[in-house]
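Data block below; observations after.
Chains as they are written, first to last, in the working numbering: chain D, 86 to 194; chain Z, 45 to 158.
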């Protein structure tokens, strides 16, 4: 099956710093989503981005499907950004998602 | 919009008992629901895909007789962990999709089997 690797696995930032999270996948995809899992376990949809670039406030994402990677940018990080960020990809028509390994982010004061 | 609920949020049971977890799409009709399991500090692993009115499709290595899934309506899917054992202790998360390729996730159910 498709492999989805995220980097870095862990990241500690001071409040106000910027960061880039990366998601590499091993095969062509027609679905790619970024999620934030908060400390209580809830997954929050950030972006549906199988290709191209999107922005939402302090977050933006870019997927280069031909090169099989996606990037999530967090600017001016806040403590509420802490948690685990997952990318998840889908192939085919079944809408199934394969989750990446995750990046655990801690934002400190 | 696109809210998914799960009940219960937390359950503790004795080894050998069965536990049912409900997943509801509150403001949309979900033709497809997914069940995931997440162990501590690990990623989400898809267990099964359920389509309303048909049998669930289980991922390789998931015991269909142990994890019973029912998707009786467009807003409700249930996962029953039968004869639960301590190794079944985990965080179970459902998601729902149907009108786009985006999946919306429930808040999860933490199962502890003593």
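Don't be surprised by glycine CBs; every beta carbon is placed ideally from N, CA and C.
Keep in mind the model is a prediction, meaning the values are calculated, not measured.
Between residue 86 of chain D and residue 183 of chain D, the C-beta spacing is below 8 angstroms. For a cut-off of 8 angstroms, the C-beta gap from residue 117 of chain D to residue 134 of chain D is around 6 angstroms, short enough to register as a contact.
In the three-state reduction of the DSSP assignment, residue 165 of chain D falls in the helix class, which pools H, G and I. Nearest to residue 173 of chain D by alpha-carbon distance, out of Z:106, Z:136, Z:147, is Z:147. When C-alpha distances from residue 62 of chain Z are compared across Z:108, Z:85, Z:124, the shortest belongs to Z:124.
The beta carbon of residue 111 of chain D sits closer than 6 angstroms to the beta carbons of 87, 88 from its chain, once the five residues preceding and following it are set aside; these are given in chain order.
For residue 152 of chain D, the secondary structure class from DSSP, reduced to helix, strand or coil, is helix.
Put simply, the backbone Cα of residue 53 of chain Z is about 32 angstroms away from that of residue 156 of chain D.
At a C-beta separation below 8 angstroms, residue 50 of chain Z has no neighbours in chain D, since its nearest C-beta there lies roughly 10 angstroms away. Judged by pairs of C-beta atoms under 8 angstroms, the region 106 to 122 of chain Z does not touch the region 161 to 177 of chain D, as fewer than three such pairs exist.
The region 93 to 109 of chain D and the region 145 to 156 of chain D touch, with no fewer than 3 CB-CB distances between them shorter than 8 angstroms. Among the bridge pairs identified by DSSP, residue 50 of chain Z is matched with Z:67. The three-state secondary structure of residue 132 of chain Z, taken from DSSP, is helix. Chain D has a Cβ within less than 8 angstroms of the Cβ of residue 147 of chain Z. Contact check for residue 99 of chain D against residue 193 of chain D passes: the beta carbons are separated by less than 8 angstroms. Residue 108 of chain Z is a Cβ neighbour of residue 102 of chain Z, given a cutoff of 8 angstroms. Sorting D:90, D:91, D:96, D:92 by C-alpha distance to the C-alpha of residue 190 of chain D places D:96 at the top.
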